[in-house]
Structure formats: structure tokens, C-alpha cells
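Chemist: One structure, as C-alpha cells, below. Some questions next.
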Amino acid sequence: MPEKPATTPPVFRFAPSPNGYLHLGHALSALLNNDMAKAAAGRLLLRIEDIDITRCRPDYEAAIHDDLAWLGINYERPVRRQSEHTDAYRAALDRLKGMDLVYPAFMSRGEVKRFVSQQEAAGPQWPRDPDGAPLYPPQDRHLPQSEAEARIAAGDQHVWRLDMTKALAMVQKELSFVETGPAHAGTLTLDPAVWGDVMLWRWDAPSSYHLSVVVDDALQGVTHLVRGLDLFQATPVHRLLQTLLGLPAPIYHHHRLILGGDGRKLSKSQGDTALAALRASGLTPLDIRHRVGLV
Ligand code: GLU
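Residue numbers for the sequence shown follow my numbering, so the first one is 1101 and each next one is one higher.
As C-alpha cells, this is what we get:
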């Protein structure tokens, strides 16, 4: 009988959202995940992050599979699709509700903007998160429960937000994570409070990126997260949610971003760097490796 391996293999994942065609930046992420999983004799998963039903499309999802096959990347089946697992995210939200760490937030983006300009007209600049968005105002956090319940019962549109101050008080320790990416390698302690009361459940789509990503990484036993530096700043929020929900901490590796000719991060709307377009123009998978600086 073959001997059971003493340790379980590391688990990597590539987790694109099917809201556009994959571009060179995704190719770097997917190829790095592939290469690092191979080098570590690990497993590679693909996860389709399609909770944002307003922007995701089946043809983009099909293109992800085609592009990865063309690049020669093999991943395990079945592939987890977030839209099929809303229950798992709801259970996590319910747990945080039970811990009294989330609250319904009723202000629309426009209302937040108006509130912030009024504040700034009369005083100093309102705090912004690392993406430059104003932090959510504190009013709803202090709404009496009966009033919040009445508004929900009346059908008032709302999202669910984490009460960051309460959450950090509950954790009572500095949150750290192991980062192996070249830009910030080390054991890092970063403060999630810079994001304010992050949104965990949207009104127009189930869950939020932050909540579903930590739930899925834990459920899928992901041990190594290899993704772009654009998500580096979100990691302390993920570590906080993992700690609150009792989920394990993966090792993080944030890789450099591929920038366009204008020096900006590539976006899915820039068709000329789409892998499908590059393939159609005659480039080979090896050319793509060259383009993203992997050979
Ligand atoms: N779905 C995210 C994206 O396409 C990536 C999530 C992650 O790797 O944590 O940008």
C-alpha cells in the first residue's frame, strides 16, 4: 500500500471575476500561481468570483477557461463559482450579526458624498480609505436597533457594514500576516482601520468581495494566496475577518502589476492587452511569458 504523505500539499488558487476578458495582468497572476504550485508540489484551484451579478457574463467566464487552457494551465475540477455558494457567505454574515459586529447602513453613495462635502465645507478633510473613497459616516452605526429594524421592515435599501471599532476591540491583538511578495516580504502588521466600516453585504448583489474571499479561501483549504499588489491593502481586512470567523491565515504573495503604456494598471476595458486579442494576433503562450517578465 502506498504510504500516506506526512503533510498535505499546499493549495494555490487563481480567482478572477468574469466581468471582462483576462489581460496580461491576469496572465501574470495565473502563471505565477501555476508555477509556484508546481514548484511546491501543490494543488492549483480556479475560482470564479461572480457574485457581482450586475457585471459578470457567461461569455467572459467561458473565455477564462479558454485563455487558461491556451496558456497551458491545469486546475482542479469542479471549479467553485461564488454565485452558487451564497448560503456560505450568508452564514458568515449571520455569525458576525450574532457577534453584534455588523450593522445595516442606509446611506447611498450620493448621500455619503453630500454628507462629506458638508463636513468638509465646515471643517477638515473627511478621512479617505486607501482607494481614496470617503470612510462611511458614523450615523448608522449608532442607530437604535428598533429604528434599524423598522427601516428594514419598511423596505429601505441597505447594505451591511462591519463595525470596525467593535471588531478590532473584540480581536484584542495586533493582526499580522506572512507576506512573501518581493515588494513587502516579511511578517507584516497593518491596520485594517484605515478602511473604516467596510461593506460586507451589498444591496444589489449577495455578499461582498471581502467576505466571500475569506470564506472561500478557508472552505477550499487555500494555503497560499498569490495575487496582484492592488489587493495588498485589502489583506488586513481579510486577516481581521479570518480572525473573527476563526478561519486559518494563508501565506500571502502580492506580485507586481503589469502597467499599460499610460503607466496605469491594466483594466478589462483595455481590449488590446486581452489575452484573446493577443492570441488572435499570433502570439504564443511563451510570448506571453516574455511579455509579463516570467522568462
Ligand atoms: N476576484 C478578484 C479580481 O479579479 C481577485 C481576488 C483575489 O485574488 O483575492 O480582482
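For each residue, glycine too, the CB sits at the ideal point set by N, CA and C.
So who's on the other strand from Ala-1374, going by DSSP bridges?
Modeler: His-1123
Chemist: Between Gly-1172 and chain B, is the shortest Cβ-Cβ distance under 8 angstroms, so that the two count as touching?
Modeler: No chain B is part of this structure, which consists of one protein chain only.
Chemist: Which residues, in chain order, sit with a beta-carbon under 6 angstroms away from any heavy atom of the ligand GLU?
Modeler: Ala-1115, Pro-1116, Ser-1117, Glu-1149, Val-1313, Arg-1327 and Leu-1331
Chemist: Give the secondary structure of Trp-1226 by DSSP, where H, G and I count as helix, E and B as strand, and everything else as coil.
Modeler: Under the three-state reduction of DSSP, Trp-1226 is assigned to coil, being neither helix nor strand.
Chemist: Give the single residue among His-1355, Pro-1178, Ser-1312 and Leu-1375 whose Cα lies nearest to the Cα of Gly-1120.
Modeler: Leu-1375
Chemist: Apart from the five residues on each side of it in sequence, which residues of its chain come closer than 7 angstroms, Cβ to Cβ, to Val-1294?
Modeler: Here the set comprises Asp-1229 and Pro-1230.
Chemist: Output needed for Leu-1146: all residues of its chain with C-beta closer than 6 angstroms, excluding positions within five of it in sequence on either side, in chain order.
Modeler: Phe-1114, Tyr-1175 and Val-1179
Chemist: DSSP three-state label for Tyr-1189, please.
Modeler: helix
Chemist: Can you tell me where the alpha helix (DSSP H) holding Tyr-1309 begins and where it ends?
Modeler: 1309-1319
Chemist: Alpha carbons only, please: which of Leu-1341, Gly-1361 and Leu-1386 is nearest the one belonging to Asp-1317?
Modeler: Leu-1341
Chemist: Closest to His-1310 by CA distance: which of Leu-1345, Thr-1289, Gly-1286 and Thr-1323 is it?
Modeler: Leu-1345
Chemist: Taking C-beta to C-beta, are Ser-1117 and Asp-1167 nearer than 8 angstroms?
Modeler: no
Chemist: Give me the Cα-Cα distance between Gln-1219 and Ala-1334, rounded to the nearest whole angstrom.
Modeler: 27 angstroms
Chemist: How big is the Cα-Cα spacing for Pro-1204 and Asn-1133?
Modeler: Their backbone Cα atoms lie some 37 angstroms apart in a straight line.
Chemist: Compute the Euclidean distance between the alpha carbons of Leu-1300 and His-1355, then round it to the nearest angstrom.
Modeler: 25 angstroms
Chemist: I'd like the ranges of any alpha helix (DSSP H) spanning at least 4 consecutive residues and lying wholly in the segment 1270-1351.
Modeler: 1309-1319 and 1335-1345
Chemist: How close, in whole Å, do the beta carbons of Leu-1329 and Ala-1283 come, if the pair is a contact with beta carbons under 8 angstroms?
Modeler: 6 angstroms
Chemist: Within a Cβ cutoff of 6 angstroms, which residues of the same chain sit near Leu-1290, ignoring the five residues on either side of it in sequence?
Modeler: Pro-1336
Chemist: What residues in its chain sit with their C-beta under 7 angstroms from that of Asp-1304, if we drop five residues either side in the sequence?
Modeler: Thr-1154
Chemist: Indicate, with yes or no, if the ligand MG has a heavy atom lying under 7 angstroms from the CB of Val-1111.
Modeler: With respect to the ligand MG, the structure shown offers nothing to examine, as its ligands consist of the ligand GLU.
Chemist: Where do the N-terminal and C-terminal ends of the beta strand (DSSP E) with Arg-1143 fall, by residue?
Modeler: 1143-1148
Chemist: According to DSSP, is Leu-1131 part of a helix, a strand, or is it coil?
Modeler: Residue state, collapsed to three classes: helix.
Chemist: Measuring only the C-alpha atoms, how far is Gly-1125 from Pro-1224?
Modeler: 38 angstroms
Chemist: Smallest Cα separation from Asp-1200: which of Gly-1142, Tyr-1352, Ala-1162 and Trp-1260?
Modeler: The shortest C-alpha separation from Asp-1200 is found at Trp-1260.
Chemist: Let me confirm a value: Ser-1381 is counted as buried when at least 16 other C-beta atoms fall within 10 Å, else exposed. Which label applies?
Modeler: exposed
Chemist: In this structure, does DSSP put Arg-1209 in helix, strand or coil?
Modeler: When DSSP states are grouped into helix, strand and coil, Arg-1209 belongs to the helix group.
Chemist: At what residues does the beta strand (DSSP E) containing Leu-1262 begin and finish?
Modeler: 1259-1262
Chemist: Rounding to the nearest angstrom, what Cα-Cα distance links Gln-1186 and Arg-1389 in this structure?
Modeler: Checking the sequence shown, residue 1186 turns out to be Thr, not Gln. The straight-line gap from Cα to Cα measures roughly 36 angstroms.
Chemist: In angstroms, rounded to a whole number, what distance separates the CA positions of Ala-1269 and Leu-1275?
Modeler: Going by the C-alpha atoms only, they are around 12 angstroms apart.
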